[in-house]
Amino acid sequence: MSKVYLALQDNDVSRYIVEAVEEDNPDVTAQYMPAMVRLEADGQLIVKRETVEEKLGRDWDVQELHLNLITLGGNVDEDDDQISLTWNQ
Amino acid sequence: MAAKKLNLKDKYRLLTRDLDWEFSYQDREKAFPFEEFEGIKITDWSKWEDPFRLTMDSYWKYQAEKEKKLYAIFDAFSQNNGHLNVTDERYVNALKIFLTGVSPLEYQAFQGFAHTGRQLGGVGARTACQMQSLDELRHVQTQIHAMSHYNKFFDGFQDFSHMHDRVWYLSVPKSFFNDARSGGPFEFMVAIGFSFEYVLTNLLFVPFMSGAAHNGDMATVTFGFSAQSDEARHMTLGLEVIKFLLEQHEDNLPIVQKWIDKWFWRGTRLLTIVAMMMDYMLPNKVMSWKEAWEIYFEEAGGALFKDLARYGITMPEGAKLAEKEKEHISHQAWWTFYTHGHAAGFHTWIPSDEELDWLSAQYPDTFDKYYRPRWELAKKMEAEGNRFYTKALPQLCTTCQIPMLFTEMDDPTQISYRSSEYKGEKYHFCSDGCQHIFDDEPEKYIQSWLPVHQIFQGNCGGPGVEDILKDYYKMNLGADNMDIEGSPDQQRWQQWKNKAS
Amino acid sequence: MPVRALKPGYQGEMKDRQENFHGNQVVYVGWDHHLMFCAAFAYPLPPEMPFGALIQEVMPEAFSQHPEWDQVNWNSVVWQLDGQPFVPQMDVALAEQGIGHKSLLRFKTPELNGFQNAGV
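Chains as they are written, first to last, in numbering that gives the first Met the number 0: chain A, 0 to 88; chain B, 0 to 500; chain C, 0 to 119.
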């Protein structure tokens, strides 16, 4: 299975998003580079609103992800509760 | 009683799809005159999907927030003399290339997406193009703002837009976008939306920007990542375009594949300069060009093309060659600029011994064998008081307009020469890829404005090279160009850092 | 189809026709396996210029920066014109021996392999 990935600016909001992603996607790997963090997983990666809100301790709109997003790879699907990245192969 | 909040899908439907209208008394084909000539067949625009389901109101909200953050950082950077925190005065030269070569492309992308958005018959695609067009305008503006600070302290930033239109090596990025914008709307979407945004811009905006952070350049990493936060949306649009076209009609497959082949190659050639910026112009290294290519093209692009295989799409034609060239192109490009340092709008230099060793370690199969000897020669000449500047003008590739500096991958000391004849005239190319692009549409590329030929035709002033640089390109000779050693940039830097030269 | 255009029969303007070069033609000259020079050089030359003048008057300015230039043995140099083997006639005009507008001349120096024998 190919790897999907998500790169975020390495800042205080992303820190909690990374925590949430790590909790919801046990196989994810986080790689830190200057000013950024790259999350990578086999085939699928999900960012769940509920988990991010729990980590942040406040309401969080899935579209807020755009504020800290650098790049991604994979087919995107977004709704009110989560954003997912998938490769079918 | 409070109104029920709309969910994302309903909101997207109401605020995007339902804004469209039927053509009841006008001919639809006249409203969208560019939709058919490329041979693309669209049967149902309503099948268009926008995975982010971003509506205009949310777009403004989040973009405003991004801008506020960004400008707060620019202010802080400027107020705290952020330019003094970069690694050294050499680093700033990468930004000169960025401002003269890349930022004007953001403006071209703004124009291109505005035009293309207008010409697409589907409202979902039109809205996405409109947002991207506005994003691109934001990118050029924020880049100019960020770099205006450097313009107060360093040479070479003063006339970027004029230079983009005229300077010989800047015809490479300029003609790349001119080529895309003069195609039809679907070719533009495949060229820029997919091939460039999805497959290639990561290589510029991710590892290079991370490199900017690693070299203390807060302004650049901030505008870079802020721009890139829009890019994730652009990439998704690019991928959606491909899937949509392929799902609409089977006849679209060969057309789309040909565009992917073409624009992968055009983009790969264009990124040669980014390869050079990463390997030679960042004093603190994040990763080599080769490694960046492996992560962002071979791995990420490989996954993408595997996913698209279900539509019959295959890896771009030039991908195998590019995989070999990743070991060579940054070295070939920096040598070209080093030897043309008198005619460049930025400074060049011989890599330090430490940097040469880093290059050897990163490129164990090629650097010591093919490229270190060039620097040994440059060092020898410099030690003899004879810093090497080449004295004649190079042959250019008709398609990518880059000097014919690329070599055969089975014989890396031999220049790669290709040529075609059209209407009795000879045309030269750096590669099979560039030759195939010409052969497919010769009537387009016989119009290439090749800087060297234009100089010979007397269209750039002169005839002396210095006059062309000074009057036609508006370079400040002795300040913008030549080696970093002894440059006014270097002298100022040493004064700021209290190092007596 | 020489171009995909909105209007059928579209034709582009050929920017590099020979008549645009004020009596000159463009000739490219490249020294194989000598990458001190990143690419072949482009020269605007009168078509009636003898080949000998190209070697003696035109090429030295840029090519002589190479440390091996003085050792070039012109009797053993192997030439190619537009991809074909070529034996130049020194006293004959370029155009008269088939060197046309935008022709590419390449030369190999069999006994010289570039700086440090590295093709530089």
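Quick reminder that beta carbons are idealized off the backbone N, C-alpha and C, glycines included.
Within the same chain, show all residues whose beta-carbon is closer than 7 Å to that of residue i, passing over the 5 residues directly before and after it, in chain order.
| i | result |
| --- | --- |
| residue 474(B) | 344, 468, 480 |
| residue 335(B) | 402, 404 |
| residue 138(C) | Nothing about residue 138(C) can be read from this structure; chain C reaches only from 0 to 119. |
| residue 434(B) | 417, 419, 428 |
| residue 114(C) | 35, 66 |
| residue 7(B) | 52 |
| residue 250(B) | 40 |
| residue 414(B) | 403, 406 |
| residue 5(A) | 38, 44, 71, 84 |
| residue 258(B) | 186, 189, 190 |
| residue 122(B) | 15, 16, 18, 19 |
For residue i, which residues in the same chain have their Cβ closer than 6 Å to its Cβ, ignoring the five residues on either side in sequence?
| i | result |
| --- | --- |
| residue 323(B) | 408 |
| residue 459(B) | 453, 467, 471 |
| residue 241(B) | 193 |
Terminal residues of the continuous alpha helix (DSSP H) containing residue i?
| i | result |
| --- | --- |
| residue 177(B) | 170 to 180 |
| residue 421(B) | Unbroken run through residue 421(B) is the beta strand (DSSP E), 417 to 421; no alpha helix (DSSP H). |
| residue 242(B) | 217 to 247 |
| residue 330(B) | 328 to 338 |
| residue 12(B) | 7 to 14 |
| residue 61(B) | 55 to 78 |
| residue 209(B) | 206 to 213 |
| residue 269(B) | 251 to 269 |
| residue 3(C) | Neither: residue 3(C) is in no alpha helix (DSSP H) and is coded neither H nor E. |
| residue 93(B) | 91 to 96 |
| residue 29(B) | 27 to 30 |
Taking the beta strand (DSSP E) that residue i belongs to, which residues open and close that run?
| i | result |
| --- | --- |
| residue 428(B) | 424 to 428 |
| residue 92(A) | This structure leaves residue 92(A) out entirely; chain A is present only between 0 and 88. |
| residue 82(A) | 81 to 85 |
| residue 413(B) | 410 to 414 |
So, residue i versus residue j, is the Cβ gap smaller than 8 Å?
| i | j | result |
| --- | --- | --- |
| residue 145(B) | residue 190(B) | no |
| residue 101(B) | residue 34(A) | no |
| residue 196(B) | residue 155(B) | no |
| residue 57(A) | residue 80(A) | no |
| residue 115(B) | residue 188(B) | yes |
| residue 101(C) | residue 424(B) | yes |
| residue 426(B) | residue 397(B) | yes |
| residue 112(B) | residue 128(B) | yes |
| residue 214(B) | residue 70(B) | no |
| residue 350(B) | residue 286(B) | no |
| residue 19(A) | residue 70(A) | no |
| residue 93(C) | residue 40(C) | no |
| residue 43(C) | residue 455(B) | yes |
| residue 504(B) | residue 185(B) | Since the displayed chain B opens at 0 and closes at 500, residue 504(B) lies outside it and no answer follows. |
| residue 332(B) | residue 271(B) | yes |
| residue 306(B) | residue 13(A) | no |
| residue 75(A) | residue 235(B) | yes |
| residue 483(B) | residue 365(B) | no |
| residue 379(B) | residue 325(B) | no |
| residue 449(B) | residue 90(C) | no |
Less than 8 Å between C-beta atoms, sequence neighbours within five positions excluded: which residues of the same chain meet that for residue i?
| i | result |
| --- | --- |
| residue 72(C) | 108, 110 |
| residue 106(C) | 28, 29, 30, 31, 76, 77, 78, 79 |
| residue 389(B) | 338, 339 |
| residue 142(B) | 97, 98, 101, 102, 105, 222, 226 |
Report the residue ranges of all beta strand (DSSP E) runs contained in full by the stretch 3 to 55 of chain A; include only those spanning at least 3 residues, in chain order.
You should have 28 to 32, 35 to 41, 43 to 47.
At which residue ranges does the stretch 27 to 108 of chain C contain complete beta strand (DSSP E) runs of 3 or more residues, listed in the order of the chain?
Correct list: 40 to 44, 77 to 80, 83 to 85, 102 to 107.
At a Cβ cut of 7 Å, what residues of the stretch 25 to 36 of chain A count as close to chain B, listed as they run along the chain?
If the cut-off is 7 Å between Cβ atoms, the stretch 25 to 36 of chain A has 32, 33, 34, 35 near chain B.
If you measure beta-carbon to beta-carbon, which residues of the stretch 100 to 111 of chain C are closer than 9 Å to chain B?
If the cut-off is 9 Å between Cβ atoms, the stretch 100 to 111 of chain C has 100, 101, 102, 103, 105 near chain B.
Along the chain, which unbroken stretches of the alpha helix (DSSP H) at least 4 residues long are found entirely within the stretch 104 to 186 of chain B?
The stretch 104 to 186 of chain B contains these whole alpha helix (DSSP H) runs: 122 to 150, 159 to 165, 170 to 180.
Identify every run of the alpha helix (DSSP H) within the stretch 426 to 491 of chain B, keeping only runs that are complete inside it and at least 4 residues long; order them along the chain.
Qualifying alpha helix (DSSP H) stretches, in chain order: 431 to 439, 441 to 444, 450 to 455.
According to a CB-to-CB cut-off of less than 8 Å, which residues of the stretch 29 to 46 of chain C neighbour chain B?
Shown in chain order are the members of the stretch 29 to 46 of chain C whose Cβ falls below 8 Å from a Cβ of chain B: 29, 31, 32, 34, 35, 36, 37, 38, 39, 40, 41, 42, 43.
Closer than 7 Å, Cβ to any Cβ of chain B: which residues of the stretch 56 to 79 of chain C, in chain order?
Cβ proximity to chain B below 7 Å picks out 60, 61, 64 from the stretch 56 to 79 of chain C.
Unbroken alpha helix (DSSP H) runs of length 4 or more, entirely within the stretch 287 to 332 of chain B: which are they?
Assignment of alpha helix (DSSP H) within the stretch 287 to 332 of chain B, counting only whole runs of 4 or more residues, yields 288 to 292, 299 to 307, 318 to 324 in chain order.
Using Cβ-Cβ distances below 8 Å, what residues of the stretch 3 to 17 of chain C are close to chain B?
If the cut-off is 8 Å between Cβ atoms, the stretch 3 to 17 of chain C has 3, 4, 5, 9, 10, 11, 12, 13, 14, 15, 16 near chain B.
Runs of 4 residues minimum, wholly inside the stretch 342 to 383 of chain B: which ones carry the alpha helix (DSSP H) assignment?
Segments of the alpha helix (DSSP H) lying fully in the stretch 342 to 383 of chain B: 352 to 361, 371 to 382.
Quick one: which residues of the stretch 25 to 59 of chain B get their C-beta closer than 8 Å to a C-beta of chain A? List them in chain order.
If the cut-off is 8 Å between Cβ atoms, the stretch 25 to 59 of chain B has 50, 51, 52, 53, 57 near chain A.
Between the stretch 79 to 96 of chain C and chain B, which residues of the former have a C-beta closer than 8 Å to a C-beta of the latter?
Of all residues in the stretch 79 to 96 of chain C, 81, 82 have a Cβ within less than 8 Å of some Cβ in chain B.
Any residues in the stretch 66 to 82 of chain A with a beta carbon nearer than 8 Å to a beta carbon of chain B? Which ones, in chain order?
Residues of the stretch 66 to 82 of chain A with a C-beta less than 8 Å from any C-beta of chain B: 66, 67, 68, 69, 70, 71, 72, 73, 74, 75, 76, 77, 78, 79, listed in chain order.
Residues of the stretch 293 to 324 of chain B whose Cβ lies closer than 8 Å to any Cβ of chain A, in chain order:
Along the stretch 293 to 324 of chain B, going in chain order, the ones with a CB nearer than 8 Å to a CB of chain A are 298, 299, 301, 302, 303, 305, 306, 308, 309.
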